[in-house]
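Novice: Numbering-wise, the sequence shown is residues 0 to 103 according to numbering that gives the first Met the number 0.
C-beta atoms are modelled at their ideal positions from N, C-alpha and C, and glycine is treated no differently.
Computed from a predicted model, the values in this text were never measured in an experiment.
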Amino acid sequence: MSLKKSFSKDKKTCTVTFIVSKEAAQGAKTINLAGDFNSWSSTDTPLTLGNDGSFSVTLELAADREYQFRYLLDGCRWENDWKADKYIPAPFSNADNSVVVTRQ
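(1) Output needed for Ser1: all residues of its chain with C-beta closer than 7 Å, excluding positions within five of it in sequence on either side, in chain order.
(2) In or out: Ser92 buried (at least 16 other Cβ within 10 Å) or exposed?
(3) In its own chain, which residues sit with a C-beta less than 8 Å from the C-beta of Ala24, not counting the 5 before and 5 after it?
(4) Our contact map puts Asn79 next to Asp95 with C-beta atoms below 8 Å; I'd like the distance itself, whole angstroms only.
(5) Run through the DSSP bridge pairs and tell me what Trp77 is partnered with.
(6) Please report the straight-line C-alpha distance between Ile87 and Val56, rounded to a whole angstrom.
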């Protein structure tokens, strides 16, 4: 799992690519991204399966913010990003949420 970021020239937005490697997908058929940026919808942001077996999705997010998120594999298993910028305890469960930081 990994995050790739690039900032707009005016530094008002950050394009973030969320990547789940084939190894991290652990044989999943579908992966969705849920987080602050999509009201924690478990279906609105599906990742696309690549030829190499990895999954990814790219979002444009406002810069200078922190967004909590998690991956939902096959509609039933929640996973954090192994290389998130940091982790924060989730308010409604006994788990942590991954965090992507969109500031330089």
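Specialist: In brief:
(1) Correct list, in chain order: Ile18 and Lys82.
(2) With fewer than 16 Cβ atoms within 10 Å of its Cβ, Ser92 is classed as exposed.
(3) For Ala24, where only same-chain residues beyond five positions count, the Cβ hits under 8 Å are Ile30, Gly52, Ser53, Phe54 and Leu72.
(4) 6 Å
(5) Per DSSP, Leu71.
(6) 22 Å
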